[in-house]
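Here the protein sequences line up with chains A and B, keeping their order. The opening position of the first sequence corresponds to residue 311 in my numbering, with each subsequent residue numbered one higher. The opening position of the second sequence corresponds to residue 311 in my numbering, with each subsequent residue numbered one higher. Every residue gets a Cβ at the ideal spot worked out from N, C-alpha and C, and that includes glycine.
Number of protein chains: 2
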Amino acid sequence: MKEKLYLYDTTLRDGQQTQGVQFSTAEKHRIVEALDALGVDYIEGGWPGANPTDSAFFDEVGKTRAVMTAFGMTKRAGRSAENDDVLAAVTNAGTPAVCLVGKTHDFHVTTALGISLEENRENIRASVAHLVALGREALFDAEHFFDGYKANPEYALACLREALEAGARWIVLCDTNGGTLPHEIGAIVREVIAAGIPGARLGIHTHNDTEMAVAGSLAAVDAGARQIQGTLNGLGERCGNANLTALIPTLLLKEPYASRFDTGVTAEALKGLTRVARMLDDILNRVPAKQVAYVGASAFAHKAGLHASAILKDPTTYEHIEPGLVGNRRVVPMSNQAGQSNLRRRLADAGLSVEKGDPALARILDRVKAREAEGYSYDTAQASFELLAREELGQLPEFFEVKRYRVTVERRKNKYDRMVSLSEAVVVVKVGGEKKLSVSESMDDCGNDRGPVNALAKALAKDLGPYQSMIDDMRLVDFKVRITQGGTEAVTRVIIDSEDGQGRRWATVGVSANIVDASFEALLDAVRWKLIRDGAAS
Amino acid sequence: MKEKLYLYDTTLRDGQQTQGVQFSTAEKHRIVEALDALGVDYIEGGWPGANPTDSAFFDEVGKTRAVMTAFGMTKRAGRSAENDDVLAAVTNAGTPAVCLVGKTHDFHVTTALGISLEENRENIRASVAHLVALGREALFDAEHFFDGYKANPEYALACLREALEAGARWIVLCDTNGGTLPHEIGAIVREVIAAGIPGARLGIHTHNDTEMAVAGSLAAVDAGARQIQGTLNGLGERCGNANLTALIPTLLLKEPYASRFDTGVTAEALKGLTRVARMLDDILNRVPAKQVAYVGASAFAHKAGLHASAILKDPTTYEHIEPGLVGNRRVVPMSNQAGQSNLRRRLADAGLSVEKGDPALARILDRVKAREAEGYSYDTAQASFELLAREELGQLPEFFEVKRYRVTVERRKNKYDRMVSLSEAVVVVKVGGEKKLSVSESMDDCGNDRGPVNALAKALAKDLGPYQSMIDDMRLVDFKVRITQGGTEAVTRVIIDSEDGQGRRWATVGVSANIVDASFEALLDAVRWKLIRDGAAS
């Protein structure tokens with residue numbers, strides 16, 4: 311029989327304290343749905359009354375499997391819990407559970423609140439009792455608890471006892487400024503339990519200011535706490551909160567946690583974790599961080615040649631878990647340290663089956679190495695890598711030939727005396743024995759100048775004769791440029807991400823001292839890859 | 311008397327296993343310089359012989375305060391250490407220390423290497439003895455040690471003893487696949503020490519696959535290990551290595567580490583940590599992650615209203631350390647009082663003294679906000695920020711006016727039937743009432759095309775009349791381009807770093823949908839800033 315370990319998600323409340331993050335009501339509902347499917351026990355939805363979005367969210371929120379929780383603060387001194395309008399706004403949200411933050415650090419009581427130590431204890435007691443009288447599950451968030459306990463353990467514990475005796479289901483120990491190390495958290499939680507607060511009523515709330523919020527949460531669980539508060543992707547004030555996206559797989563897949571605890575997240579739900587993490591990035595319009603534990607795109611990427619060949623023999627050699635358990639997957643990228651086994655695997659991913667020992671493998675590796683020394687990067691630009699390999703394997707049709715191009719960028723005053731820019735590109739290609747001249751300018755449908763690369767992309771894709779229909783659904787979605795060292799000279803590397811109507815997305819690379827040339831090379835690769843994928847015949 | 315704790319940096323070797331990371335030799339030298347100034351004890355420079363960049367790096371590397379270390383692997387079975395060419399390439403780099411990775415997990419010995427357990431022990435012994443005979447400091451990287459120890463502790467320990475008895479200064483316990491939790495690391499390190507391997511000879515090498523590499527490193531130190539291996543910004547294979555940028559401040563500022571250990575990093579060097587972290591991101595052309603412990607731009611950002619007002623009363627309420635200790639700074643919402651005092655400090659940095667309460671402060675804040683919403687970034691481009699502020703303060707002379715420009719990029723076959731590119735730029739300025747037309751092309755002294763921005767920079771700086779002598783010593787040293795969101799449209803942001811003969815280096819920013827326009831704007835700012843600094847009169 312496993313012991314229950316509770317997961318409390320505060321993405322919608324503390325997570326929203328992240329710089330630049332502000333969820334809309336609709337986004338909050340999407341996140342609630344994902345959290346509920348994942349199987350967390352509590353969802354903290356926000357602070358009703360603190361802002362219009364949070365209030366609107368609670369008005370609309372439907373039934374959830376998880377216990378929906380409203381956040382607020384203990385009543386202020388000098389009025390009763392029943393007559394505190396801030397507290398009333400919180401309880402009026404009607405959630406089954408309410409979490410109230412309060413002070414337990416004597417210094418904060420006197421400095422930040424400016425009230426007596428006894429008044430603060432009374433505020434905690436009366437607020438929790440008020441929630442209980444309303445029939446709500448009460449949680450008490452003990453702000454700055456660890457610092458408070460270090461400064462004045464008697465007072466900090468007395469505050470916890472007020473909440474407990476007033477009927478709080480949970481006492482949550484918060485390391486509000488994130489400065490407490492895991493070994494201290496473990497020791498203090500043990501002391502709190504020894505002082506008579508049951509571990510089954512204790513929660514832990516950590517921040518990542520020393521990059522140890524996950525370890526600190528586990529230290530508290532090791533010491534006896536039975537609720538973990540955290541956020542998806544570790545969102546939160548400053549360096550963020552404890553990252554549930556990292557904690558959940560560890561709790562389900564690693565010992566002693568896996569055998570000992572039941573978290574409410576099933577093995578099946580865990581397979582959706584990577585998708586949940588990416589969905590949140592999508593809502594935030596962020597590029598997902600690659601090196602994130604368990605769910606990052608690089609979490610199971612094997613770049614070193616020695617690692618990659620061992621992985622082919624047995625994945626457990628360099629993988630601590632099977633990537634599919636968290637809905638992630640293995641990546642064996644190309645780099646100048648990669649071996650032939652790595653290369654064959656990558657070619658297979660591109661649908662190119664090459665026999666072991668084929669001399670083309672060595673040629674491909676040599677060309678990749680030489681090109682990377684010039685500044686190319688095939689780790690990211692899988693489509694350009696595939697074209698290079700196809701060329702060495704004699705499987706790259708020449709669909710068309712670019713004879714020349716010219717781009718002009720001009721900036722001058724228009725007739726209204728405003729400075730305006732316009733770019734024009736001419737591309738000359740030979741396709742099916744026929745010479746085609748195309749010209750485009752950089753103006754978009756709204757009359758805005760989109761620059762020379764845009765003009766060039768349009769001119770190149772304007773008339774490719776028999777192939778035209780295949781590239782009509784292509785579009786350039788991202789464009790990254792950096793200056794790098796190619797041999798002894800600084801060169802420009804351009805990576806272009808393209809997308810098509812079938813939802814395919816591919817990356818190509820171009821390198822040149824001339825940024826327009828580098829861009830054109832990457833554009834050409836993007837078009838050629840698309841033609842191959844769509845099965846064009848040369 | 312404090313005990314010595316050694317820091318071993320592997321940014322240049324294991325850090326380069328990060329997907330998409332490939333340092334040039336010049337970049338490696340810049341990183342070595344920063345690490346040496348920071349005060350780490352060992353710098354692992356790469357694997358000599360594994361690729362041309364690493365070999366070139368060791369050929370050129372000069373004297374460092376830190377012990378320069380070459381990485382390689384133990385000799386292969388069936389040949390002597392003296393006759394192993396892979397090992398010879400490593401020792402031939404001539405570094406004072408050499409770190410060799412070898413197997414200690416019986417399963418890997420038989421599966422990945424396919425040799426007998428005894429042969430593997432012999433490979434370790436003979437390789438370390440060979441290094442010692444050559445007079446080098448020997449380090450043995452025990453790959454997969456924790457998994458190996460769990461599977462077969464006797465064999466894993468026997469491998470360590472081979473290295474130790476052959477004269478290895480350090481035995482580094484590696485959690486290669488990143489799956490071992492801190493409590494297991496602590497327990498196993500204790501057992502290894504109890505089995506007779508002295509803690510003073512033990513190093514720890516962790517990976518961040520469960521987001522606990524930092525905690526795992528500290529657990530090993532708590533158990534007695536005295537060397538920590540890690541990387542700047544936590545670069546590394548998969549989820550990265552232990553992040554030295556987070557570990558170093560914890561070791562220097564937090565107990566029991568601060569009182570107990572001497573790491574070689576001084577309090578003064580620690581103040582450069584944020585700058586080192588940002589420099590590495592700059593080399594990688596990455597947007598620095600904001601929520602990173604200690605050095606992230608949000609690490610001391612206080613968004614919650616309650617927090618921000620408490621911070622004004624007493625910063626220790628929500629800050630676990632003083633941000634300046636790691637060279638970072640506090641960020642409070644621009645809208646309030648503290649926002650304005652921040653701004654005044656930044657203006658003072660630029661030599662602009664503005665009185666408290668000056669209405670220009672609010673105007674500058676508004677313009678910065680509006681421009682940042684369009685895609686500008688004044689965090690990095692201090693020189694452009696200064697020009698913006700000067701404009702609001704009425705302290706920006708108009709040295710010259712750009713009337714128009716035109717750039718042409720052409721690519722076609724030359725008379726030898728090779729594709730060649732050439733760019734040409736015409737810039738028309740009005741300076742001192744006189745109109746000046748300048749034209750330049752993108753060819754450098756060696757006959758190579760350097761692209762349109764180069765042509766434009768040359769044309770702009772070709773004839774500025776009375777100011778010409780002041781800009782003759784300017785040169786463009788770096789050029790970064792990123793696609794970003796400006797309002798609803800994707801725009802291009804260009805950051806240009808310039809340098810002059812007096813060793814000054816400054817950054818300017820330009821934003822436009824058109825990359826050439828964005829570049830031109832940043833170039834113009836660079837010239838104007840230089841003229842102000844050199845005291846040009848309009």
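**Request:** Report the partner residues of B:Arg803 according to the DSSP bridge assignment.
**Result:** B:Arg792 and B:Val821
**Prompt:** Taking one C-beta from the region 571 to 578 of chain B and one from the region 356 to 370 of chain B each time, how about it: are there three or more such pairs within less than 8 Å?
**Reply:** no
**Distance between A:Met522 and A:Arg435 (C-alpha atoms, nearest Å)** = 32 Å
**Asked** Rounded to the nearest angstrom, how far is the Cβ of A:Tyr316 from that of A:Gln537, given a contact under 8 Å?
**Response** 4 Å
**Message:** Counting C-beta neighbours from all protein chains within 10 Å, is the total for B:Met311 16 or more, i.e. buried, or is it exposed?
**Reply:** exposed
**Asked** Where do the N-terminal and C-terminal ends of the beta strand (DSSP E) with B:Phe450 fall, by residue?
**Response** Glu447 to Glu453
**Request:** For B:Ala407, write down the residues that DSSP places opposite it in a beta bridge.
**Result:** B:Thr379 and B:Glu447
**Cβ shell of B:Leu834 (< 6 Å), same chain only, five flanking positions each side left out** = none
**Asked** Roughly how many angstroms separate the alpha carbons of B:Ala478 and B:Gly513, rounded to a whole number?
**Response** 12 Å
**Prompt:** Are there 16 or more other CB atoms within 10 angstroms of the CB of B:Tyr726, so buried, or fewer, so exposed?
**Reply:** exposed
**As assigned by DSSP and simplified to three states, the class of B:Ala422** = helix
**Prompt:** Just checking my contact of A:Leu410 with A:Met383 at CB under 8 Å: how many whole Å lie between their CB atoms?
**Reply:** 6 Å
**Message:** For B:Gly757, count the other beta carbons within 10 Å of its own beta carbon; 16 or more makes it buried, fewer makes it exposed. Which is it?
**Reply:** exposed
**Asked** Quick one: Cα of B:Val730 to Cα of B:Gly761, how far?
**Response** 12 Å
**Asked** Between B:Leu554 and B:Asp346, is the Cβ-Cβ spacing less than 8 Å?
**Response** no
**Message:** As a quick exercise: from A:Val502, A:Thr802, A:Ala823 and A:Met784, pick the residue whose alpha carbon is nearest that of A:Gly813.
**Reply:** A:Met784
**Item:** Three-state class that DSSP yields for B:Cys484 in the structure shown
**Value:** strand
**Item:** Chain-ordered neighbours of B:Ala603 on chain A, where CB pairs are closer than 7 Å
**Value:** Asn518, Asp519, Thr520, Glu521 and Cys549
**Prompt:** How about A:Asn646: is its C-beta nearer than 8 Å to some C-beta of chain B?
**Reply:** Any answer about A:Asn646 is weak, because its pLDDT of 46 lies below 50 and its placement is not dependable; what the coordinates show is given next. By this cut-off, A:Asn646 is an interface position.
**Request:** Scan the region 341 to 371 of chain B and note each continuous beta strand (DSSP E) run of 3 residues or more that stays entirely inside, going in chain order.
**Result:** 352 to 356
**Message:** Is there a Cβ of chain A sitting closer than 8 Å to that of B:Glu826, yes or no?
**Reply:** The amino acid occupying residue 826 of chain B in the given sequence is Val; Glu does not appear at that position. Chain A contact via Cβ: present.
**Item:** Proximal residues, the region 622 to 637 of chain B versus chain A, C-beta separation under 9 Å
**Value:** Lys623, Asp624, Thr626, Thr627, Tyr628, Glu629, His630 and Ile631
**Request:** Would you mind sorting A:Gln326 into buried or exposed? The rule is 16 or more other CB atoms within 10 Å of its CB.
**Result:** buried
**Request:** Report all residues from its chain with a CB closer than 8 Å to the CB of A:Val499; omit the five preceding and five following residues, and keep chain order.
**Result:** Leu483, Gly509, Leu512, Ile514, Ala529, Ala530, Ala533, Gly534 and Ala535
**Asked** Sorted by chain position, which residues of the same chain lie with C-beta nearer than 7 Å to B:Ser645's C-beta, five sequence neighbours on each side aside?
**Response** Only weak support is given to the placement of B:Ser645: the predicted model assigns it a pLDDT of 46, under 50, and the question is left unresolved by the model.
**Message:** Going by DSSP, what residue range makes up the beta strand (DSSP E) through A:Ser569?
**Reply:** Not the beta strand (DSSP E): A:Ser569 falls in the alpha helix (DSSP H), residues Tyr567 to Arg570.
**Request:** Give the straight-line distance between the Cα atoms of B:Ser750 and B:Ala769, rounded to the nearest whole angstrom.
**Result:** 5 Å
**Request:** Please find out if some non-hydrogen atom of the ligand NAP comes closer than 7 Å to the beta-carbon of A:Arg654.
**Result:** Absence of the ligand NAP is noted for the structure shown, with no ligands found whatsoever.
**Asked** Cα separation between A:Val837 and A:Ala452?
**Response** 59 Å
**Asked** Which of the residues in the region 488 to 514 of chain A, read from start to end, lie with their CB under 9 Å from any CB of chain B?
**Response** Gly488, Gly489, Thr490, Leu491, Pro492, His493 and Glu494
**Item:** Reference A:Glu682; option with closest CA among A:Gly820, A:Gly424 and A:Val419
**Value:** A:Gly820
**Prompt:** Name the chain A residues whose beta carbon is nearer than 9 Å to that of B:Asn553?
**Reply:** Glu521
**Message:** Measuring only the C-alpha atoms, how far is B:Pro463 from B:Asn487?
**Reply:** 18 Å
**Request:** Indicate the three-state DSSP secondary structure (helix, strand or coil) for A:His515 in the structure shown.
**Result:** strand
**Message:** Any contact between the region 335 to 342 of chain B and the region 595 to 614 of chain B? By contact I mean 3 or more CB pairs, one from each, below 8 Å.
**Reply:** no
**Message:** Does the CB of B:Lys790 have a neighbour CB from chain A at under 8 Å?
**Reply:** yes
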